[in-house]
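Notes follow the structure.
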Amino acid sequence: MNKNINGLLLFLLSLVLLIPGLSCSGKKVKENADNKSTSCSIENLSPEEFEKRYMKEGFISDRTFRIIILAPVEECESDIDAVQEKARKRAISTLQKYLISENRIVNQKSTAEIINIVNTYGMLIKKDIRCQNNYVFFYDIERDNLQRHVNTISKPRE
-16 MNKNINGLLL
-6 FLLSLVLLIP
4 GLSCSGKKVK
14 ENADNKSTSC
24 SIENLSPEEF
34 EKRYMKEGFI
44 SDRTFRIIIL
54 APVEECESDI
64 DAVQEKARKR
74 AISTLQKYLI
84 SENRIVNQKS
94 TAEIINIVNT
104 YGMLIKKDIR
114 CQNNYVFFYD
124 IERDNLQRHV
134 NTISKPRE
């Protein structure tokens, strides 16, 4: 029981420490790199097709980790930094959850490495997709052997 409480406290403390550091990183926003117009909407595709094509999160490949952000049109036009911050926080949280699901220990050291990976290799990409009154953004983290690297930043649980 004490291990669970200590682990939870450590996780919450690491989140408190990482939030101020996130605002210090440089801004990377990229418009849709594809020249193809993917102006898809729910009306053009079935929800299943839309989700299958555009909404896969997690490790897309060994070198790419993706987070999907749906942001209201008004938010995108007024504050792209808020969208990027939201994406960055979700990427950190999702990578921590991934490590936990792989039965690995998440501590301050692994959290710091995750933050470093997200800040160094993460990029917000605005897709030419509009879903109802929301824009779709991908937050992609790309690095050679990313999945293998993430798996080695923390020790397995005993």
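Counting in this note's numbering, the sequence shown tops out at residue 141, every number present. Here a beta-carbon is modelled for each residue, glycine too, at the ideal position from N, C-alpha and C. Fair warning: this is a prediction, and the values are worked out from it, not measured in the lab.
Could you check where the alpha helix (DSSP H) with E96 kicks off and where it finishes? Q91 to Y104 is the extent of the alpha helix (DSSP H) around E96.
Considering only DSSP beta bridges, list what E125 is partnered with. In the DSSP output, where bridge partners are listed per residue, E125 has T47.
Going by DSSP, what residues sit across from I63 in a beta bridge? In DSSP, I63 forms no bridge with anything.
Compare the Cα-Cα distances from I63 to each of R140, Y118, P139 and D123 and report the closest residue. For the options R140, Y118, P139 and D123, the alpha carbon positioned closest to that of I63 is the one of Y118.
Less than 8 Å between the CB atoms is what I'm expecting for V66 and N116, so what's the real figure, rounded? The distance from the Cβ of V66 to that of N116 is about 15 Å, inconsistent with a contact at the 8 Å cut-off.
Kindly indicate which three-state DSSP category I108 falls into: helix, strand or coil? I108 carries a strand assignment under DSSP once its states are collapsed to helix, strand and coil.
Where does I52 sit, in a helix, a strand or coil, going by DSSP? For I52, the secondary structure class from DSSP, reduced to helix, strand or coil, is strand.
When you compare each of N99, N134, I88 and A54 to I75 by their alpha carbons, which one comes out closest? Distances from the CA of I75 to each of N99, N134, I88 and A54 were compared; the closest alpha carbon is that of N99.
Integer Cβ distance of I124 from V101, believed to fall under 8 Å: Indeed they touch by this definition, with Cβ atoms about 6 Å apart.
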